[in-house]
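Numbering (the working numbering), first residue to last: 762 to 1071.
Working notes for the structure below.
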């Protein structure tokens, strides 16, 4: 099973330096609302991760997913600017210096002044050994810890340099970003993972299998255990120790993908039954039940509450 790097997901070279203006952002599905985008960015690839420096004027923009279930997570440091984001039909204001969100969630963001972001875009699978139960909601934090300030400074130094980098050094930088992001997420989400233990590694492998094979309705806990190479009872115990279950993680992953499809207008021609099938649910009833448990929303409500087109 191969794991896509963040540069591969975005169609960028493994050691590329890419500059984005309005034309490039429009091609990626980011557009200004009611005016010019007023935004520019520089993107550097380091091994499996992307480091991004973006800035702009007070403006409003909309981002929609390239495809449902985009397999990367964004760790965003807000260096300057106040903003609000639209979710569920409601604007949520934020002045927090740190934001964590799945890259593929469609949303609209409004800035009231000049702004500057630093972003680490990391493959979801690479973070699972640190936090197997990654949430797919937007997290905003009011203060930075000392390690998070160090990560922000490291990202700035890495992306601002124009120096060429060797393949080995690129992997080293990427590995350092991954380690810092993994430790930060583990701390922020309050999970009691023991980093590097055999138990964490096995949980991570199980979650990677689930992420890759969720669309197969035949995927069940026994098959996940077989893919990891342990007994079902042992794998169930590992997940129970973290307050989760293998079946629950399968349902969560399928619900995450279904939610992304329901919030993407390109899939409006699909019935709820078809969305359920593509996400791996055996029926629309199972899909509805999982969406209600995880998001307290029905498929119809998810489609109605998507970020409206301008």
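Backbone N, C-alpha and C define an ideal beta-carbon position, used for all residues, glycine too.
Computed from a predicted model, the values in this text were never measured in an experiment.
Tell me whether residue i sits in a helix, a strand or coil according to DSSP, three-state version.
i	result
residue 933	helix
residue 998	helix
residue 832	coil
residue 1063	helix
residue 940	helix
residue 1047	helix
residue 877	strand
residue 952	Caution applies to residue 952, whose pLDDT of 48 falls short of 50 and renders its modelled position unreliable; the value that the coordinates give is listed next. Coil at residue 952, not helix or strand.
residue 891	coil
residue 915	helix
residue 925	coil
residue 775	coil
residue 1042	coil
residue 991	coil
residue 1023	helix
residue 811	strand
residue 1004	coil
residue 1055	helix
residue 946	helix
residue 963	helix
residue 786	helix
residue 1031	coil
Going along the chain, which residues of its own chain have a beta-carbon closer than 6 Å to the beta-carbon of residue i, five neighbours each way excluded?
i	result
residue 949	none
residue 1012	1051
residue 800	817
residue 837	860, 878, 880
residue 1015	975, 1040, 1041, 1042
residue 938	810, 881
residue 912	941
Based on Cα-Cα distance, which residue from the options lies nearest to residue i?
i	options	result
residue 881	859, 974, 1007	859
residue 935	1015, 924, 922, 916	916
residue 744	887, 886, 879, 925	Given a span of 762 to 1071 for the chain in the structure shown, any question on residue 744 remains unanswerable.
residue 876	1001, 844, 1039	844
residue 923	808, 1057, 901, 776	776
residue 862	900, 1023, 874	900
residue 1021	832, 783, 931	832
residue 840	1023, 903, 964	903
residue 888	984, 767, 1065	767
residue 872	886, 864, 852, 802	852
residue 1061	1055, 1049, 854	1049
residue 971	998, 1017, 856, 932	1017
residue 1064	931, 927, 1031	1031
residue 959	999, 926, 932, 928	999
residue 786	1010, 769, 1019, 815	815
For residue i, write down the residues that DSSP places opposite it in a beta bridge.
i	result
residue 883	834
residue 860	837, 901
residue 869	823, 847
residue 906	According to DSSP, residue 906 bridges with nothing at all.
residue 1014	Its beta-bridge partners do not exist; DSSP assigns none.
residue 800	817
residue 854	845
residue 975	Looking at the DSSP assignment, residue 975 forms no beta bridge with any residue, so it has no partner.
residue 805	778, 812
Tell me which residues share the same chain as residue i and place their Cβ nearer than 8 Å to its Cβ, disregarding the 5 neighbours each side in the sequence.
i	result
residue 773	779, 804, 806, 811
residue 1044	1034, 1037
Quick one: residues in its chain with C-beta nearer than 7 Å to the C-beta of residue i, no 5 flanking neighbours on either side, listed in chain order?
i	result
residue 1055	1013, 1016
residue 986	992, 993, 996
Kindly confirm or deny that the segment 1027–1039 and the segment 989–1008 touch, where touching means at least three C-beta pairs closer than 8 Å.
Touching, no, given that fewer than three Cβ pairs across the two stretches are closer than 8 Å.
Contact between the segment 961–971 and the segment 981–997 (3+ Cβ pairs under 8 Å)
Flag = yes, the segment 961–971 and the segment 981–997 touch.
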